[in-house]
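Worksheet for the structure shown next.
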Amino acid sequence: MTPYTPQRVVCLQPSATLTMRDLGLLDRVVACTKYCTDVCPEAADGTRQVVADSWSSQADQIRAAQPDLVIASVPYQLEAVGEILKAGVRFLGLAPRTLSDVFADINVIAGVMGVPEGGEAVVRDMRRAIDDVRTQCSRDGKKPKVFCEEWGKPIIASQPWVAELIAAAGGEFVSEPGATVTAESIAETKPDVLLAAWCGAGDRVPLEKIVSQRVWQEIPAVQNKQVFCISDELLNTPATSLIGGLNAIAWALHPGQGPQPKGIRQIRSEQTMHLETATYDTLTRELSRLASHATSAEQLMTAIVERLREAVPYYNWVGFYMLDHQNPDPYPMLVLGPYVGAETPHKHILLHQGICGAAVTAGQTIVVDDVNADPRYLACSLETKSEIVAPVFVKAVAVGELDIDSHSPSAFTADDRRLIEHCASLVGHYLEKRL
Ligand code: SME
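Residue 835 in this note's numbering sits at position 380 of the sequence shown; the count goes up by one each step and never skips.
In structure tokens form, the structure reads like this:
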């Protein structure tokens with residue numbers, strides 16, 4: 456006699472839905488949660504009822520799907536478990552902590568569903584993928600100290616299976632998995648890498664904000680920008696999606712090894728925390744007003760460089776260069792005008808020299824994301840990483856330029872470019888009106 460196997464399954468967590476898919480049994484899932492489609496897009500074909508998860512289950516909802524099995528998994532809320540039991544349906548409740556638990560649970564689901572070999576195959580593939588990453592990650596001999604959190608307020612360290620994935624990627628987890636910890640205690644462990652995957656937050660953990668709120672600026676991970684958000688579903692869903700999480704962890708722990716995988720985002724450098732678009736608009740308006748009251752071109756240029764340097768933290772050197780045809784030298788030359796920032800050796804620049812010369816010669820804004828990779832670059836400060844130069848036009852002829860250096864690589868976005876070109880045009884219009 457063929458043993459009875461469930462035909463109408465309700466999955467109360469994405470891990471259950473994903474495992475059913477991996478076993479080729481998605482057609483037996485009659486209801487799942489709205490989060491299930493994050494890891495299992497195939498579940499969103501419109502044929503399934505959507506139910507609350509095991510954090511907020513409701514007996515009526517479950518019953519309405521007329522299931523013959525309910526599969527739930529972590530996280531649970533006590534009352535929600537009561538609701539599941541109230542539904543009066545056969546209930547498989549999983550609560551994995553370690554990777555071995557995750558593998559065992561996949562086999563349990565496969566067994567209950569009558570496809571034990573399917574479970575073995577899924578687990579075998581997972582183990583193989585983990586072993587491959589372990590081998591690759593052991594090559595560079597690095598063993599970074601890593602902290603990973605599954606919640607931010609309070610700070611809760613990620614589950615043991617995440618600590619195991621970190622170990623597989625060659626890292627050392629600095630906290631007790633699953634424990635509630637303080638920002639200070641984590642800072643004391645001096646992690647080299649910080650990872651955040653808040654339950655239910657997708658990829659939206661505000662990395663820059665948590666670093667400043669927790670006063671974590673001195674932690675090696677922050678100093679070296681090794682702070683990452685990994686999409687929640689890749690680390691907090693105890694199923695095959697953990698392999699995606701493992702790939703993201705491996706990329707974070709071994710920078711430069713292979714392309715960036717899906718589901719991971721790195722913190723922006725503090726200095727390049729770009730302004731809100733609204734701030735650019737306000738600045739643009741403010742500078743236009745300033746230009747309408749300017750008493751001389753020199754005064755206008757001085758006001759612009761001072762305001763820009765003050766308003767945008769990653770504009771580290773801001774200055775104008777203007778063309779001088781009367782220079783004793785027979786060639787036209789760019790001469791340094793008002794500027795704010797480190798003293799520069801380049802007070803005079805010929806038109807065939809530097810990024811400054813190139814921008815005026817071409818009559819075009821030039822943005823250089825990595826100055827050290829640009830052979831034209833004339834160094835002003837060793838700290839400069841990126842630069843933008845926008846020409847000042849009078850009657851469509853370039854007569855000078857606004858030059859800005861940043862200590863952050865790739866600091867200049869389209870918003871910066873618009874703002875800087877606007878400032879250059881304010882000086883151009885001022886000069887034009889007084890011709
Ligand atoms: N970097 C410029 C020279 C000017 S200083 O940076 C202030 C250039 O390459 O033209």
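We treat Cβ as the ideally placed atom computed from N, Cα and C, and that holds for glycine.
Residue i versus the options, residue with shortest Cα-Cα distance
i	options	result
Asp-870	Asp-829, Glu-534, Thr-739	Thr-739
Thr-692	Gln-715, Leu-473, Leu-806	Leu-473
Leu-524	Tyr-769, Val-567, Pro-571	Val-567
Ala-424	Cys-878, Ile-843, Thr-734	An answer regarding residue 424 cannot be provided, because it is not within the stretch 456 to 890 covered by the chain.
Trp-510	Gly-796, Glu-761, Tyr-769, Pro-469	Pro-469
Gly-812	Ala-828, Ala-797, Ser-686, Val-790	Val-790
Glu-538	Ala-565, Asp-560, Ala-507	Ala-507
Lys-664	Asn-562, Cys-684, Val-760	Cys-684
Arg-723	Pro-661, Ile-875, Glu-765	Pro-661
Glu-575	Thr-590, Ala-559, Gly-626, Ala-584	Ala-559
Leu-886	Ala-746, Glu-619, Lys-597	Ala-746
Gly-796	Asp-829, Tyr-770, Thr-820	Tyr-770
Ser-555	Gly-573, Leu-533, Ile-585	Ile-585
Leu-467	Lys-645, Ala-486, Arg-476, Thr-460	Ala-486
Thr-502	Thr-488, Gly-699, Cys-878, Ala-766	Thr-488
Asp-658	Val-505, Leu-481, Asp-493	Asp-493
Ala-638	Val-670, Glu-753, Glu-619	Val-670
Pair within 8 Å by beta-carbon distance, residue i and residue j
i	j	result
Leu-690	Val-617	yes
Tyr-794	Gly-774	yes
Ser-836	Asp-860	yes
Arg-872	Val-822	yes
Phe-602	Ile-561	no
Gln-614	Glu-605	yes
Near ligand 1: residue i beta-carbon under 7 Å from a heavy atom
i	result
Trp-772	yes
Thr-799	yes
Asp-860	yes
Gly-812	yes
Glu-761	no
Leu-833	yes
Glu-741	no
Glu-842	yes
Ile-641	no
Gly-596	no
Ile-804	yes
Gly-809	yes
In DSSP terms, what residue i is bridged to
i	result
Leu-856	Looking at the sequence itself, residue 856 is Glu, so the reference to Leu does not match. Paired residue(s): Tyr-776, Pro-846.
Glu-627	Lys-600
Gln-721	Phe-683
Met-788	Asp-779, Leu-805
Ile-526	Cys-466, Leu-547
Ser-861	Ser-841
Leu-650	Cys-603, Phe-683
Ile-821	Val-844
Gln-504	Ala-486
Local conformation of residue i per DSSP, three classes
i	result
Met-475	helix
Met-568	coil
Glu-605	strand
His-877	helix
Asp-560	helix
Leu-554	helix
Ile-611	strand
Leu-837	coil
Ala-749	coil
Val-485	strand
Ile-665	helix
Gln-516	helix
Residue-chain proximity (residue i, chain B), Cβ-Cβ < 8 Å
i	result
Tyr-531	Absence of chain B from the displayed structure is noted, only one protein chain being present.
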